[in-house]
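Asker:
4 protein chains.
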Amino acid sequence: MGEYTASVVGGTGFTGGELLRLLNGHPEFDVVQATSRSKANKTVGHSHPNLRGMDLRFSDPDDLESVDVLFAATPHGVSMEQIDEFQDAAGTVVDLSADFRLDTEAQYDEWYDGHTRPELLAESEYALPELNRENLEGADLIASGGCNATATIMGLLPLFEHDVLDGSEQVVVDVKVGSSEGGAGGGEASSHPERSGVVRPYAPTGHRHEAEIEQFLGIDVSFTVHAVEMIRGASATCHVFPNGPVSKGDLWKAYRGSYEDEPFVELVAGGGGVYRYPEPKAVAGTNKAEVGFELDPSNKRVVVFSAIDNMMKGSAGQAVHAANVALGLDETAGLDFQGLHPVGAP
Amino acid sequence: MGEYTASVVGGTGFTGGELLRLLNGHPEFDVVQATSRSKANKTVGHSHPNLRGMDLRFSDPDDLESVDVLFAATPHGVSMEQIDEFQDAAGTVVDLSADFRLDTEAQYDEWYDGHTRPELLAESEYALPELNRENLEGADLIASGGCNATATIMGLLPLFEHDVLDGSEQVVVDVKVGSSEGGAGGGEASSHPERSGVVRPYAPTGHRHEAEIEQFLGIDVSFTVHAVEMIRGASATCHVFPNGPVSKGDLWKAYRGSYEDEPFVELVAGGGGVYRYPEPKAVAGTNKAEVGFELDPSNKRVVVFSAIDNMMKGSAGQAVHAANVALGLDETAGLDFQGLHPVGAP
Amino acid sequence: MGEYTASVVGGTGFTGGELLRLLNGHPEFDVVQATSRSKANKTVGHSHPNLRGMDLRFSDPDDLESVDVLFAATPHGVSMEQIDEFQDAAGTVVDLSADFRLDTEAQYDEWYDGHTRPELLAESEYALPELNRENLEGADLIASGGCNATATIMGLLPLFEHDVLDGSEQVVVDVKVGSSEGGAGGGEASSHPERSGVVRPYAPTGHRHEAEIEQFLGIDVSFTVHAVEMIRGASATCHVFPNGPVSKGDLWKAYRGSYEDEPFVELVAGGGGVYRYPEPKAVAGTNKAEVGFELDPSNKRVVVFSAIDNMMKGSAGQAVHAANVALGLDETAGLDFQGLHPVGAP
Amino acid sequence: MGEYTASVVGGTGFTGGELLRLLNGHPEFDVVQATSRSKANKTVGHSHPNLRGMDLRFSDPDDLESVDVLFAATPHGVSMEQIDEFQDAAGTVVDLSADFRLDTEAQYDEWYDGHTRPELLAESEYALPELNRENLEGADLIASGGCNATATIMGLLPLFEHDVLDGSEQVVVDVKVGSSEGGAGGGEASSHPERSGVVRPYAPTGHRHEAEIEQFLGIDVSFTVHAVEMIRGASATCHVFPNGPVSKGDLWKAYRGSYEDEPFVELVAGGGGVYRYPEPKAVAGTNKAEVGFELDPSNKRVVVFSAIDNMMKGSAGQAVHAANVALGLDETAGLDFQGLHPVGAP
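Chains as they are written, first to last, in the numbering used here: chain A, 3 to 348; chain B, 3 to 348; chain C, 3 to 348; chain D, 3 to 348.
(1) Find the residues of chain A that neighbour His-228(D), judging by a C-beta separation of less than 9 Å, and give them in chain order.
(2) Where do the ends of the beta strand (DSSP E) carrying Gly-93(A) lie?
(3) State yes or no: is the C-beta of Met-313(A) within less than 7 Å of the C-beta of Gly-199(B)?
(4) Can you find at least 3 beta carbon pairs, one from the segment 261–275 of chain B and one from the segment 43–58 of chain C, that sit closer than 8 Å?
(5) Report all residues from its chain with a CB closer than 7 Å to the CB of Arg-351(A); omit the five preceding and five following residues, and keep chain order.
(6) Checking the sheet assignment: what are the DSSP bridge partners for Lys-255(C)?
(7) Throw me the rounded Cβ distance for the Val-173(B) and Cys-240(B) pair, which I believe falls under 8 Å.
(8) Is it true that the segment 145–164 of chain C meets the segment 3–13 of chain D, where meeting means three or more beta-carbon pairs spaced less than 8 Å apart?
(9) Would you identify the three-state DSSP class for Val-46(A), choosing helix, strand or coil?
(10) Are the Cβ atoms of Ala-42(B) and Asp-62(B) separated by less than 7 Å?
(11) Does the beta-carbon of Arg-303(A) have 16 or more other beta-carbons within 10 angstroms, so that it is buried, or is it exposed?
(12) So, for Ile-127(A): in the same chain, excluding its five sequence neighbours on each side, which residues have a beta-carbon less than 6 Å away from its beta-carbon?
(13) Please confirm if Ile-155(B) has its CB atom under 7 Å from at least one CB of chain D.
(14) What does DSSP give as the partner residue(s) for His-228(B) in the beta ladder?
(15) Roughly how many whole angstroms lie between the Cα atoms of Glu-121(A) and Glu-212(A)?
(16) Looking at the strands, I want to know which residues DSSP matches up with His-241(A).
(17) For Val-80(C) and Met-56(A), I'd like the C-alpha separation in whole angstroms.
(18) Quick check: the segment 314–329 of chain B against the segment 285–294 of chain B, are at least 3 beta-carbon pairs closer than 8 Å?
(19) Pull up the CB-CB distance for Ala-238(D) and Thr-154(D), whole angstroms please, since I reckon it's below 8 Å.
(20) Asn-312(A) CB to nearest chain B CB: under 7 Å?
(21) Could you have a look at Gln-109(D) and say whether DSSP puts it in helix, strand or coil?
(22) Any Cβ of chain C within less than 7 Å of the Cβ of Pro-160(D)?
(23) Leaving aside the five residues before and after Gly-294(D) along the sequence, list all residues of the same chain whose C-beta is less than 6 Å from its C-beta, in chain order.
(24) Excluding five sequence neighbours on each side, which residues of the same chain lie with their C-beta closer than 7 Å to the C-beta of Gln-340(A)?
(25) Pick out whichever of Ser-249(B), Ala-236(B), Glu-333(B) has its Cα sitting closest to the Cα of Phe-266(B).
(26) Pull up the distance between the alpha-carbon of Val-33(D) and that of Asp-311(A), whole angstroms please.
(27) Figure out for me which residue from Leu-167(B), Glu-20(B), Arg-210(B) has the closest Cα to the Cα of Leu-53(B).
(28) What does Asn-26(B) reach in chain C if we use C-beta pairs closer than 9 Å?
(29) Looking only at its chain, what residues have a beta carbon closer than 6 Å to the beta carbon of Pro-282(D), apart from the 5 residues adjacent to it on each side?
(30) Using DSSP with H/G/I as helix, E/B as strand and the rest coil, what is Val-270(B)?
(31) Output, in sequence order along the chain, the residues in the segment 278–291 of chain A whose CB is closer than 9 Å to any CB in chain D.
(32) Which residue's Cα is closest to the Cα of Leu-297(B): Gly-180(A), Ser-224(A), His-194(A)?
(33) Once you ignore the five residues that flank Pro-77(A) on each side, which residues in its own chain have a CB closer than 7 Å to its CB?
(34) Less than 8 Å between the CB atoms is what I'm expecting for Thr-217(D) and Leu-133(D), so what's the real figure, rounded?
(35) For Gly-184(B), collect the residues of the same chain with a Cβ closer than 7 Å to its Cβ; drop the 5 residues on either side in sequence, then sort them by chain order.
(36) Expressed to the nearest angstrom, what Euclidean distance is found between the alpha-carbon atoms of Gly-18(B) and Gln-35(D)?
Below, the structure is given as structure tokens:
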């Protein structure tokens, strides 16, 4: 079987389920443990019907087994409390929460409820491989990037890398996301009759992912997130106003320059057919990001579109991608699912 | 029955069906004719299943009957060709297409394919009653406002009426709309398997409704329209950057000042419960607009949300509202449906 | 205003909200009270966004006001405990739960958890006006019929009234319902990510509505209920195997005989257009039932289709209809909404 | 690369796209050609956005290349006309249409529009590997089973294999399917506004797949198909009335006996968790069938549920599975996608 052993802490959540699916199909990993306090001893298929054929039962999170890589899919705040246990159990820890994404304690004071292990923030590596894969090789504490931040950074990164933007510009980011971002819990607002069919401004201002975007792109974005009718998917529309004139050729040069060799990026900018721009349902289930743009000469605006599956490129897929880089594996190992067509609102 | 006779030209389309539903339930109107060339002699219920109980058959559009009010629900370009026949048949013509919305031939040259009857543009009255109901009283040629323009204008109007904006500011408008905006025709892109679940940038730039917004608000907006998973509904998120400081109190004063006496406007700005901001599904089937806002102090931004049913406040409902004003009827006559809860993606 | 006063006990639930919407728009009723223990003093619009414009706050259920008609929209088991208070408060009580639908205590022992006031079962009148409107005139305790039972009875009733069936036949009823049937509570199974897009056999066998069907039609049906992707709606497909030969003419005669004068029934059996058979979305928001059928000569089967809005004809609409009959009002008063087209999965 | 070459005739349709996806990820196949007359020279990603990364352009169907296996994803009636060209081009032809599924010309006269090459019907092998994999080894003309027939046969097969049924019983099959069954064409009835949210009896009686079911199970089923809100998926509910008593133990014995070693079958019959019975969305994108059952003692009924992805186990997946068997490959090669959780209405 696989060369490396892996475990998933927090296996009943949506992200935990996706990690189990990916690792189970990964040629280099053997999943030896998935933890859950509430569902201990139940099969993973009990929580995740697509994994009914997988022969694994949840075990107690207090009994962590030694593995090569531990993936933590726990709610924000848990990893910083348990990081010692995680690092005792595994040489490589990939945390999917926000606990180790930001650089400084001050940022956690501003955007979250502070941090209990600030001394580790300098050690951890943020994982958005297209942005910083060179930092991930051999890393032992990896903080996988957030979904809405990833969608936004993937859209804007080439403009910074190719000097179309310098950080002083006005940038409005209007994000549309699916209901899986809310996790498996669910209250009245996420019940099916209430959540179905909404265009709900669920983070009109002040979304925490602004901090990640600002930290990595050096720009203060005007950020608004809407919940729309889908389960998976995050689509970011970035309205950008460069200081000087920009041509379509400049844009193609920037985006091709940044992404043409990236295995998980597809440039989609106004060709023919039904899907002329990035579309979340076209990447559902995959680790791909679709990125495209349009020029609006009348108001000196560049409109950038990017689409990801928030559970994959925005979470579990990115975490596995980061682990592949960290361990020196083929980057696409275990991440080769192509997505479906036709497909509804996955 | 009703005091006034009415007809609907173009009765098989979605908008025509909504007009028939509204007029059929209107206390002051009798529907005496609905035209359709392709479905002549079929019942209106054949096209519109909700009207199966209505005793009316489509008749040929070449045989227009004389009525008090004629509603034209034909594609753009038809009304300007047939306006003489329409005005011969009816003292009051309410056109739901774009043919008489703009003021000048030059605008039609820029945004549409020119205009064949430009001399009528000065006579016609644009209908968005909250904006200009005083012009509508006694009007005999009314151009009912477009759906995306209506959603946007309803959101921004109080900021102009109360001098929060003067037209020099940066305004980004990010609109999400349902599939009924595409009309009853339908090709591959609007087939169910392809259209379901999309977040599709269908007008990344250059949407024609920019012209209406600019004409009536005097501001050049950066306008992008996305198709999302719903049938009815238009939700406009306006990202506004006022030149000077604005408080939440200023905003409440502006919006209450403009809208507190409006029968079809609901202010929804961050209270409790599941629906804290404007939500298209909460107004589906109604002529209501929900409008709300949030202040983002960190980037000096006001985010304005507005939600309408594109078939109603954005089309047939607004046309009936305008006719009510034109004839001096109770503005809400025939428009008292309250909407449904719970409701899905109507 | 209205001639009669009305109250709604249990006003925050989905059914309570629909009752408030209907009574608020009803020409003969004034809503004087809506109760809720948990939301006391909040506006009804807090729970039901479509009622944001309604000037009413929830009040404590312990302080019932005297009204002409009290509508109880409480969970099963509550009405039987509080029926004395309800009857003290109102001359006419319309209960929307199952507490007074069945005839005998033995049935409650078999299908529910027994009954605490069995002596009232003989007094209460089941309300499915097309079945037994004559019993409802002047009734003071009315048990409004259940949604799945109503859909099924509406489909099968003409076959019994016109002797196509005698009760000895094999009848399979396969029902598809929307998520509003589960009520406003909601747990993991009804969270949006889990509930979306299902075809879930939620009552494979033994659904309690079998008891109502058997009681009123005198036939033992094989009954299975599936949850499908919609919010409102119940669609019953009845596969019927008559003992002798049946022609299409026999069927039309039976269905026309039973329903041609019914104000809320539409016969839809295989005509032209897109909607050739009963369709729940065509009746969403209305009190209508669409009923149709098809003959399958190859296996001597009659397939009957019926579609209702479970919140309306299957619940709140039927309750108001019953109250109209009980008080001698126009049966359609307050129930004239025509439904929408196009419309999604309302 | 792969050991075998393959081509797809009819590559722009939904089924053709799925074949391309599967073969592209299959370890033993190289896709050398995909044909399309209308889209010749366009990339396959133009039609199928999930395949944007695939380096292949459609070519003219008149220029078939020689391959080991040709998959025909053409509309019914095309393969029988072109079968000579197909067999000239490939040693193994897998046809996904109905053209070679039935045994006799008389059946094609009854259920379809006759047959032009009836002499080939005896040679072709129907492919539903769980039913008859032994016939498929080395087969050179394979007719992949139809989606609704596959769902039904998968549900009922164990009852025949283990003598719970003998073919004389009453069996009602009520199927719910997604919009992809209608193919990529699309007219008014399948436009998004009309098709969304329906529970539409699209084949109330007389569906052609009855012929397949009857041919392979020897029973005349009462068959009705409803279109519901999903894109992919077929869910069959079989209401079965055995002649004698049947226990739950008998059922488990039958289903385990038939399926416990099948790589693509999951038995799901009333355990815990959210997904207690077969659910199409749990198998979307996979070649799996979920099968389960429930006993209804009160009316001597067995209710059998089965769920497949109509594009996969009901079409392209089954075709690849059959090719794997025909060529002696690992049956699961190229078919190991596990499905997603959570997932909407894929």
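No residue lacks a Cβ here, since even glycine has one placed at the ideal position from N, Cα and C.
Answerer: In short, the structure shows the following:
(1) Residues of chain A passing the Cβ test: none, with the nearest at roughly 17 Å.
(2) 92–97
(3) no
(4) yes
(5) Not covered by the structure: residue 351(A). The range shown for chain A is 3 to 348.
(6) None, per the DSSP bridge assignment.
(7) 6 Å
(8) no
(9) helix
(10) yes
(11) The residue in question, Arg-303(A), is buried, as its Cβ has 16 or more Cβ neighbours within 10 Å.
(12) Correcting the residue identity first, residue 127(A) is Glu in this sequence and not Ile. These residues qualify, in order along the chain: Asn-137, Leu-138, Ala-141, Ile-144.
(13) Not closer than 7 Å to any Cβ of chain D, the Cβ of Ile-155(B) fails to qualify, so no.
(14) Lys-178(B), Pro-203(B)
(15) 23 Å
(16) Bridge pairing for His-241(A): Val-174(A), Val-305(A) [DSSP].
(17) 45 Å
(18) Touching, per the Cβ criterion.
(19) Yes, Ala-238(D) and Thr-154(D) are in contact; Cβ-Cβ is about 5 Å, under 8 Å.
(20) no
(21) helix
(22) no
(23) Val-270, Ala-271, Tyr-279, Pro-280, Phe-307
(24) Thr-288
(25) Glu-333(B)
(26) Going by the C-alpha atoms only, they are around 27 Å apart.
(27) Glu-20(B)
(28) Within chain C, the residues near Asn-26(B) are Gln-340.
(29) Excluding positions up to five away in sequence, the list reads Gly-235, Ser-237, Ala-309.
(30) coil
(31) Glu-281, Lys-283, Ala-284, Val-285, Ala-286, Gly-287, Thr-288, Lys-290
(32) Ser-224(A)
(33) Ser-99
(34) The residue you asked about is not Thr; residue 217(D) is Gln in the sequence shown. Gln-217(D) to Leu-133(D), Cβ: 11 Å. No contact.
(35) Ser-192
(36) Roughly 47 Å separates the two Cα atoms.
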